[in-house]
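Structure first, commentary second.
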Amino acid sequence: MMPDASQLQGEMVALIRAFGLLRPDETPCGQPVGVSTAHALVELAQGEPLAQTELGRQLRLKKSTVSRLVGQLVHRGWVRQVRDTNDGRAVRLRLTEGGWLLARQIAAARAEKFAQLAERVPAEQFDAVVQALRVLVRALDDRPSTADRDPERVLSSGASERGASGSQRRSGPS
1 MMPDASQLQG EMVALIRAFG LLRPDETPCG QPVGVSTAHA LVELAQGEPL AQTELGRQLR
61 LKKSTVSRLV GQLVHRGWVR QVRDTNDGRA VRLRLTEGGW LLARQIAAAR AEKFAQLAER
121 VPAEQFDAVV QALRVLVRAL DDRPSTADRD PERVLSSGAS ERGASGSQRR SGPS
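As C-alpha cells, then:
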C-alpha cells in the first residue's frame, strides 16, 4: 500500500506555518532578520571564514541567491569580504563585530526556542520526533532537487558531521 502523501504534505505545511517560516523579516525565534540571513550569520560564526560557494552549499542555496544574500549582509555591515590567505584571487566571508554580535544573539534565541519546544514534546515521544526529522532530512537529501542539479552548486555527500543530531554542518530554522 502506498503512503498517503497528502497526509505528509498537510503536516509539513502545518509545521512550516506553526513554526513561523512564512514571516519574511523575522526568524521563528523572534529575531528581526529573515531566516536565510539568520542561517548565514550563524553558519559564518561556526569557524573560519567561508568562500561564498561553500556558504551556498551549507545553506543549500543557488549561486544567485547566495550572491544577493551576501550583498545584503555586506551592505548591512555584518559581513566583510576578505582575500583568502592561501589564494589571493579567492574571497572569503568574515563576520564583522556587528555580525558576530547578531550571530550570537540569533544562536542564543534559537537555543531558547528549541529548549522551550523540547519541553513541550512528551518525553516518551521526543526520540521518535528527532528520528522522524532525521528520516525526512535524509529523504530530502536523497531526492535530487533543482538546486542539486545546478552544476554551480554540487552538494558534497561526504561533509563532516558537526552536531549531536548527526546532520551535516547546517543549522535548523531559527
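By our numbering, the letter at position 28 of the sequence shown is numbered 28, and the numbering carries on one by one without gaps. Heads up, the beta-carbon is just placed ideally off N, CA and C, and yes, glycines get one too.
Less than 8 angstroms divides the Cβ of G99 from the Cβ of V79. Scanning the region 67 to 143 from its first residue to its last, the whole alpha helix (DSSP H) runs of 4-plus residues come out as 97 to 120 and 123 to 142. Beta-bridge analysis with DSSP links A51 to R92. Apart from the 5 residues on each side of it in sequence, A139 has no Cβ closer than 8 angstroms to any other Cβ in its chain. Shortest Cα-Cα distance from K113 to any of G30, A18, R89 and E11 involves G30. With a 10 Å radius around the Cβ and a threshold of 16 neighbouring Cβ atoms, L136 comes out exposed. In the structure shown, R60 adopts coil according to DSSP, grouped into three states. Around the CB of L101, fewer than 16 other CB atoms lie within 10 Å, so the residue is classed as exposed. In the DSSP assignment, E43 falls within the unbroken alpha helix (DSSP H) covering V35 to L44. For M12, the uninterrupted alpha helix (DSSP H) run begins and ends at A5 to F19, by DSSP.
Nearest Cα to S64 within the set Q58, A123, E124 and Q52: Q52. In the structure shown, T65 falls within a helical segment according to DSSP collapsed to helix, strand and coil. A Cβ-Cβ distance of about 15 angstroms is found for the pair L95 and L59, leaving them out of contact under the 8 angstroms criterion.
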